[in-house]
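One line per chain: the protein sequences are B and H, in this order.
The opening residue of the first sequence carries number 369 in the working numbering; numbering runs sequentially from there.
The opening residue of the second sequence carries number 36 in the working numbering; numbering runs sequentially from there.
Even for Gly, the Cβ is constructed at its ideal location relative to N, Cα and C.
Read through the structure below, which is laid out as structure tokens, and then see the notes.
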Amino acid sequence: QKEVEQDPGPLSVPEGAIVSLNCTYSNSAFQYFMWYRQYSRKGPELLMYTYSSGNKEDGRFTAQVDKSSKYISLFIRDSQPSDSATYLCAISSGGYNKLIFGAGTRLAVHP
Amino acid sequence: GAVVSQHPSWVICKSGTSVKIECRSLDFQATTMFWYRQFPKQSLMLMATSNEGSKATYEQGVEKDKFLINHASLTLSTLTVTSAHPEDSSFYICSPDRGLTNEKLFFGSGTQLSVL
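Take a look at the structure:
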């Protein structure tokens, strides 16, 4: 079993839709959870980070963590074509060091 | 976010040659540098962790003699792919770390290596 499972997609949605991206993890020792956005052949860009269960909102993005279910989500509201990218979840047991990444979900938002 | 400069962004080389990739943290001193590799349509996999002034720690399955890492200063780390082969073709990304607790990690822009 992989430490982090993430559906690779691709996920195609119309502009303005709400997007839900998810990851599950296996080890309850993981305490830090992040979402990165990666455009083709670019380095990952940090979108959201959290270390507790619950929701965290930043503009159109909401990160949700459910430690009891070992399940994390990223919601994108009012999706835009510029949101088209690969979204990677990342987790860590010791601060933000030595991240373990999910496979990444490819998202395409079409006008 | 932190400013990380990685060069080159793209390199094409012949099989058997060596390629050096540089990663600079421009606005803070990086005591640690993480080097990742990403194959097409796959996630980032940690290759090695380097600490300034000491030997790098390699993840299982990564050949230390093939992927030479030098972290001679707090702002510069280099990864050299020696005697590159087509199977080494990948996207290489660095991530500097100051070693602070709960610090967010940022990444370089990546280097696409294509070995012919």
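H:S125 counts as buried, since at least 16 other C-beta atoms from the protein chains shown sit within 10 angstroms of its C-beta.
What B:R409 touches in chain H, judged by beta-carbon distance under 7 angstroms, is F126, G145, Q147, going in chain order. Checking the DSSP bridge columns, you'll see H:H120 has no partner listed. Across the structure, B:T392 and B:S452 are spaced so that their CA atoms are roughly 22 angstroms apart. When 7 angstroms is used as the limit between beta carbons, H:L109 is near no residue of chain B, the shortest such separation being about 17 angstroms.
For the stretch 397–426 of chain B, residues whose beta-carbon sits nearer than 9 angstroms to a beta-carbon of chain H comprise Y400, M402, Y404, Q406, R409, K410, G411, P412, E413, L414, Y417, Y419.
Chain B has no Cβ within less than 8 angstroms of the Cβ of H:Q64.
Listed by position along chain H, the residues whose Cβ is nearer than 7 angstroms to that of B:G472 are S78. Under the 8 angstroms criterion on CB atoms, H:F74 is classed as non-interfacial with respect to chain B. At the C-beta level, B:L456 and B:V387 stay beyond 8 angstroms of one another.
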